[in-house]
Every structure is written in structure tokens, then in C-alpha cells.
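The working numbering numbers the first residue of the sequence shown as 31 and each following residue consecutively.
C-beta atoms are modelled at their ideal positions from N, C-alpha and C, and glycine is treated no differently.
Because the structure is a prediction, the values reported are computed rather than measured.
All remarks here apply to the structure that follows.
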Amino acid sequence: MANDTLNQTEIDRLLGGGAGGALDLAASGRRSAPMSQEVQRYDFRRPHRISKERLRTIEAMYERMVKNLESFLMSRVRGQVEVRLQSVEQFSFGEFTLSLPTPCCSYVMDINGRDGLQGVIDFGTDFAFFLVDRLFGGGSAPTVMNRPLTALEQDAVRIIADRAASIVRDVWQEVMPIELEVSGFESAPEILQVCAREDPVLVANIEVSATNVTSLIMICLPFASLEEYFTNADTRRVSSTTRSPEELTTQRRHAEKSLRVTTVTVAARLPEFRLSMHDLSQLVPGSVINTGLSANALLNVTVAGQPRLVATAGRAGGRLAARITDGRMSDNRIIGTLTPADADTP
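See below:
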């Protein structure tokens, strides 16, 4: 059997860094081990803890979370909202805080209500002001201000934060028990103290697009709160959000059915007219106001307070009605369930 023990000369050459060139093991009768073609860095202070398989599982979980959050946001802001998962990555908590703007819109979450574990949900400032505008009844593009949210604005956006935390909890409970509850707000990234700066955290970056607003929602959970998942070898598989065409068709049919029975406020208004101050001062109950408008004057029809259609006034089955004459619906339909044959236009 060949002796594979290095002699003292070979040891000295190795310790000296091979000053005379590469160590020629072939000359000593030993075969050299094949050298690796690729060298990867390994951070011993902050090792990467997410395998490719687990990362795919986590991404599938957050894809489901994103779809549920999108549906909730569309119902609350009364408009089109697109939510898309950008990435799920491991960072240190210090790196996460450095990525936050100043001021930020970060809600602190208590995890499992014990052990002092906390996470963070951060709404981009642009999207936070968009939510404030819509939740308080606005309908136009909000004015983005470079300031922290007021206490009243924080309470309004917290409605969304509470729901987002609930959705995150639901997807994680498929693989491990976890409870999340929003407990505070912070507008200064450097004051966030949910864990040590060098502690590893799992960060989901979620892109959200709404009316004239594109922003980022970041969900940060410390690895200490997910230890049970990452140490469990028998992790249950989470199904992907990919659906068959038949499932998508069924889902669309259900959504259309729900929309068809949804009611909105519709009003038909006369055009503006002028009245002298003398006539205005003479008005008493029972007075008739001469509008000066033709009997065939067009009415402005508003939907949810927004002008949408033009119509003429009339009667349908003994009730006031409006016949659409112009606008997005131009097929002369009567608002309601009556047919045009039932209408009696003056």
C-alpha cells in the first residue's frame, strides 16, 4: 500500500505557500485531487439559511398571500390595484432598515405574543398617502407629501396593515403555527428595534401599482420566529398559485356574478341654471322655480358621484325615469329593469 503521508519537506512547502511553485504531488507518486471549477463565498457570520427547495415553497406561499391582498385592496380602495411579488430574500435586519425611506410607514407586528419577537410591514410612502386618500373618500391622484403620517392617518392605514398581517399569518400557518398582531407604528427607520442589526431576517418585496402610484410593500420576519419551519425536515408542500384555464374561467364567472348584484349610487341631475337674489329671497314652501330650461333638457347622470352619462327625463310605469342618450352606454337603455317600450317620454 502506498504511503500517502506527507514528508516534512512537503509540509514546509505547503505552509510557505508553495514559494517554489505548485506542489508537484505527481513527482512523489501521489495523484492530485481534482480541483473545483467554481469557488463560492461562504459567510460564516451570516450563513445563507434558505435552500432552493424551501425558497420555492416560500415564494409559492407569498404568491398566494399577494393574490389575497390584491383582492382585499381592490374592495377597499374602490379601484384597480395590481400587486406582484418581486422577491423573497434573506438580509440582516440592519440591511433591511437601510433600505427603508425616511420618513417611512412601518407597522410593528408582535409574533406569537411572547418571547419579544417582532416583525415589520412597511408601506411605501406614496402608497400610504394613496390609501389615506381613498379610505377618506378621495377619488383623484393623491398629493404625496414628504412627512410622517399623522395619528389619524396611521389609524386609517392600520386597517390595511391588520388585514395584511392576517393574510401573512394564514399562509405561514400552512407549514407552522404562528400568530401576528400589529402593535405599533414607526416613521423613523433608525428607531426600529424589533431585533439586533446583525440578526438574519426574511424579507418579501411586493410591488403594488394603483392610480398614478407605484410603490413597494416589504414584509420582514426574523428567522428566530421561523425556526420551527427551517429546522423541520418534513415540511409540507405548498401548492403553487398556477391554475388551469377551467379554474380561471370558473373564478371569473363567480367574480362577474358578484359584480352584477353589486349596487352603486346613481343620480340624474338638471343642468346648472341661474336665479336672481330677489327670486331666491322670495322662495317659500310650495314655490315653483322657473329654471329657464327646456322640457327636453338633458340630465347629467352620475355614478358613485362621478359624471358618466347623459339622459332625458321621462316616466316609466308611473315612475320617474331617465333614458340614456349619450355616454359610455349609448344603446338608449332605461336605468332599471324596465324595457324601452314601457317608457313614456314627455
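query	result
Taking only the alpha-carbon atoms, compute the straight-line gap between Thr271 and Trp202 and give it to the nearest angstrom.	Low per-residue confidence applies at Thr271: pLDDT is 47, beneath 50, and the placement is therefore not dependable, though the value from the model is reported in the following sentence. Their backbone Cα atoms lie some 15 Å apart in a straight line.
For Val212, which option in Val198, Asp192, Ala218 and Ile221 has the closest C-alpha, if you only look at C-alpha atoms?	Asp192
Which whole-angstrom value is the C-beta distance of Val118 and Glu100, which I expect to be below 8 Å?	The pair is not a contact, with the Cβ atoms about 17 Å apart (cut-off 8 Å).
Helix or strand or just coil, what does DSSP make of Ile208?	coil
Verify whether the separation of the beta carbon atoms of Pro230 and Gln120 is less than 9 Å.	yes
Mind the definition here: the region 304 to 324 touches the region 273 to 287 only if three or more C-beta pairs lie below 8 Å; say whether that holds.	no
Are the beta-carbon atoms belonging to Ile249 and Ala194 less than 9 Å from one another?	yes
Where does Ser239 sit, in a helix, a strand or coil, going by DSSP?	strand
List the whole-angstrom C-beta distance separating Leu161 from Val107, where the pair is believed to meet the contact cut-off of C-beta under 8 Å.	7 Å
Quick one: what's Cys250 bridged to in DSSP?	Val150 and Val233
Please report the distance separating the alpha-carbon of Leu179 from that of Met139.	18 Å
How big is the Cα-Cα spacing for Val11 and Tyr259?	Examination of residue 11 is not possible in this model, given that the chain is present from 31 through 376 alone.
Residues in its own chain within less than 8 Å of Leu36 by CB, not counting five upstream and five downstream?	Leu44
Does Gly214 come out as helix, strand or coil in the three-state DSSP assignment?	strand
Distance check for Ala334 and Arg114, CA to CA, integer angstroms please.	29 Å
Measuring CA to CA, which of Met175, Phe159 and Asn326 is closest to Gly168?	Phe159
Going by C-alpha to C-alpha distance, which of Val243, Ala325 and Val340 sits closest to Ala332?	The question names Ala, but residue 332 in the sequence shown is Thr. Per the Cα distances, Val340.
Could you give the uninterrupted runs of the alpha helix (DSSP H) lying entirely in the region 307 to 346, keeping only those of 4 residues or more?	307 to 311
DSSP beta-bridge partners for Asp140?	Gln148 and Glu211
Identify, in the order they occur along the chain, each residue of the same chain with its Cβ nearer than 7 Å to the Cβ of Asp131, setting aside the five sequence neighbours on each side.	Sequence check: residue 131 is Pro here, not Asp. For Pro131, where only same-chain residues beyond five positions count, the Cβ hits under 7 Å are Thr155.
In or out: Leu128 buried (at least 16 other Cβ within 10 Å) or exposed?	exposed
Looking at the unbroken beta strand (DSSP E) that takes in Ala297, where does it start and where does it end?	Val296 to Arg299
Taking only runs that begin and end inside the region 92 to 135, name each unbroken beta strand (DSSP E) of 3 or more residues, in chain order.	112 to 122
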